[in-house]
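S.K.: Just remember that our numbering sits 55 ahead of the position in the sequence shown, which is counted from 1. Next up is a structure, given as structure tokens.
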Amino acid sequence: MTERQRLFFALWPPAHLRERLTAVQGELGRIGRPVAAERLHLTVAFLGNSDPERATEAAAAATREARGFVLRLDRFGHFVRSGVVWMAPTEYPNALETLHRRLRRELRRRGLRTERRSLHPHVTLFRKATPSGPHPAASLEWPVDELTLVASVTRAEGPEYHRAGAWRLPLGEG
Ligand code: 2AM
């Protein structure tokens, strides 16, 4: 077993979407601490302290026949208790649900557990937030063609993310 790290699986937005999300943060104003553009992501499965080698094997197995898909971020929300303001897809394709389910199954097979049972896909835009006023209208298209494994290191100034692995999810016909 390799040394444990605080791990999660995520979808990382492409540069053009990061820019759009940053613009949306600007429109929302100073409602909290904005997540920096390079840290914006959607968590697929949160592992917490786990063995990266087993997580890597699980992802390879779970993505073997997986396809890419398109998400449309069109909804804002607020987790009051954690002070998080997020954007999410109102509906999302089965392919994401399937990826999540396969990942959990392969992780479980290797003795790893994810912390949350059901999938609540969202991109956190602000932390320590107190939203005020209406949300801007937005509908952001996100072609997803990769799953990433991320190691999170806690620093005084906030978490630092390291890309620990990536698996292609081919987009296109079929
Ligand atoms: P958040 O953005 O809603 O805070 C790294 O910490 C990522 O994992 C963040 O996207 C965070 O979600 C998510 N995360 C942190 N703790 C979690 C937990 N116990 N269960 C599920 N996701 C978690």
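Every residue, glycine too, gets a C-beta built ideally from N, C-alpha and C. Predicted, not measured: the structure shown is a model, and the values here were computed from it.
Using a 10 Å radius around the Cβ and a threshold of 16 neighbouring Cβ atoms, would you call R218 buried or exposed?
M.R.: The count along the sequence shown starts at 1 and reaches residue 218 at position 163. By the neighbour-count rule (16 or more Cβ atoms within 10 Å), R218 is not buried but exposed.
S.K.: When every heavy atom of the ligand 2AM is checked, does at least one fall within less than 7 Å of the C-beta of T98?
M.R.: As a position in the sequence shown, residue 98 is number 43, starting the count at 1. Yes, Cβ of T98 sits closer than 7 Å to a heavy atom of the ligand 2AM.
S.K.: Rounded to the nearest angstrom, how far is the Cβ of L154 from that of A110, given a contact under 8 Å?
M.R.: Your numbering for residue 154 matches position 99 in the sequence shown. Your numbering for residue 110 matches position 55 in the sequence shown. With a Cβ gap of about 14 Å, L154 and A110 do not count as contacting.
S.K.: Would A121 and L224 qualify as a contact pair, given that the criterion is a beta-carbon distance under 8 Å?
M.R.: Within the sequence shown, the letter at position 66 stands for residue 121. Within the sequence shown, the letter at position 169 stands for residue 224. In this structure, L224 lies closer than 8 Å to A121 by Cβ.
S.K.: Let's test the definition: count the other Cβ atoms within 10 Å of the Cβ of A78 and tell me whether it reaches 16, buried, or not, exposed.
M.R.: Here the question's residue 78 lines up with position 23 in the sequence shown. A78 is exposed by the Cβ-count criterion.
S.K.: Can you have a look at L226 and say buried or exposed, based on whether 16 or more other CB atoms are within 10 angstroms of its CB?
M.R.: Reading the sequence shown from its first residue, position 171 is the one you call residue 226. Its Cβ having fewer than 16 others within 10 Å, L226 is exposed.
S.K.: Roughly how many whole angstroms lie between the Cα atoms of L72 and L102?
M.R.: Taking the first residue of the sequence shown as position 1, residue 72 is located at position 17. Taking the first residue of the sequence shown as position 1, residue 102 is located at position 47. The C-alpha of L72 lies about 26 Å from the C-alpha of L102.
S.K.: Does the Cβ of R164 have 16 or more other Cβ atoms within 10 Å, making it buried, or fewer, making it exposed?
M.R.: Numbered from its first residue, the sequence shown carries residue 164 at position 109. The residue is exposed, with fewer than 16 neighbouring Cβ atoms inside 10 Å.
S.K.: Our contact map puts E82 next to P191 with C-beta atoms below 8 Å; I'd like the distance itself, whole angstroms only.
M.R.: As a first step, residue 82 must be located in the sequence shown, where it is residue number 27. As a first step, residue 191 must be located in the sequence shown, where it is residue number 136. With 8 Å as the limit, E82 and P191 qualify as a contact, their Cβ atoms being about 4 Å apart.
S.K.: Hey, V125 and E196: beta-carbon distance below 8 Å or not?
M.R.: Reading the sequence shown from its first residue, position 70 is the one you call residue 125. Reading the sequence shown from its first residue, position 141 is the one you call residue 196. Yes; because the gap between Cβ atoms is below 8 Å, this pair is in contact.
S.K.: With distance defined between alpha-carbon atoms, name the residue in H177, E108, L97 nearest to E161.
M.R.: Position 106 of the sequence shown holds residue 161. When C-alpha distances from E161 are compared across H177, E108, L97, the shortest belongs to E108.
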